[in-house]
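In the working numbering, the protein residues as written are 241 to 532.
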């Protein structure tokens with residue numbers, strides 16, 4: 241099966257898991273839950289969920305547990321996007337080609353919808369059909385990735401560098417937390433569902449950390465080369481807000497070269513994993529060359 245077919249297969253599993261999570265944890269009679277569902281069903285690449293499922297599958301783990309872990313990481317990612325779009329953060333009116341949650345439902349409801357997704361994510365992990373130790377490990381990985389040592393710290397840095405220009409090391413630290421932490425959580429949760437050994441988890445974490453940087457560098461590239469219609473969200477806002485990006489630091493060709501370097505590092509992290517990791521290798525190349 242080719243990379244795109246396998247990706248679509250994992251994506252279908254993730255979407256099915258999200259629908260079950262919506263039905264179980266986000267009752268439709270609640271306006272807040274309807275807002276959460278609106279954003280959660282808004283599309284996207286579901287990279288984090290696909291990582292959970294593909295890693296677990298590669299390791300022969302519990303795919304039923306992986307499906308709920310995948311839903312959980314996507315719910316947490318979605319909450320962060322709702323918050324990112326709020327007027328007090330990035331003030332974006334559109335997300336994935338539709339009105340952002342606060343434009344569709346109002347700021348207060350959007351704020352609560354994001355909060356609902358956080359709690360639903362951990363409820364999904366707690367109810368996953370697997371060994372209690374796997375659930376505890378998954379909850380710990382998810383909390384660390386999303387919290388003040390992970391994504392939230394990245395968001396804090398992102399706000400700080402709206403008014404202060406970031407150096408290369410500072411920009412890498414920002415995105416290692418804001419983007420990379422939940423991508424690393426994807427492979428961690430896949431390992432948790434498979435109860436993988438520490439050495440294997442470490443190799444996959446290195447892969448995911450590099451993958452997160454590739455993803456962000458390409459995002460910065462697309463912000464100056466793609467159209468709003470192609471991306472489904474405003475482009476050029478980084479330049480308008482005078483934000484430090486990989487483009488402002490390296491230029492367009494320099495950013496492309498840097499993305500290739502980090503992609504090579506991601507592939508190197510998988511060197512000892514054999515052909516079983518080919519999907520992860522191909523996924524890295526696809527993310528490097530994506531156009532939206």
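Ideal Cβ placement from N, Cα and C applies to all residues, glycine included. Predicted model, so just to flag it, every value in this text is computed and none were measured.
Can you check whether the CB of residue 316 is closer than 7 angstroms to the CB of residue 364?
-> no
Quick one, which of 509, 511, 463 and 508 has its alpha-carbon nearest residue 491's?
-> 463
Confirm, please, whether the CB-CB distance from residue 424 to residue 395 is below 7 angstroms.
-> no
Pull up the distance between the alpha-carbon of residue 236 and that of residue 448, whole angstroms please.
-> Given that the chain is displayed from residue 241 to residue 532, the structure contains no residue 236 and the question cannot be resolved.
With which residues is residue 339 paired in a DSSP beta bridge?
-> 334
Among residues of its own chain, excluding the 5 on either side of residue 288, which ones have a beta-carbon nearer than 8 angstroms to its beta-carbon?
-> 310, 313, 314, 317, 422, 423, 425 and 426
Run through DSSP, which three-state label would residue 298 get?
-> helix
Where does residue 503 fall in DSSP's three states?
-> helix
What do you get for residue 337, buried or exposed, if any count of 16 or more other CB atoms within 10 angstroms of its CB means buried?
-> exposed
So what does DSSP say about residue 521, is it helix, strand or coil?
-> helix
Identify, in the order they occur along the chain, each residue of the same chain with its Cβ nearer than 7 angstroms to the Cβ of residue 286, setting aside the five sequence neighbours on each side.
-> 251, 254 and 314
Spatially closest choice to residue 292 from 326, 257 and 281, by CA coordinates = 257
In its own chain, which residues sit with a C-beta less than 6 angstroms from the C-beta of residue 302, not counting the 5 before and 5 after it?
-> 370 and 433
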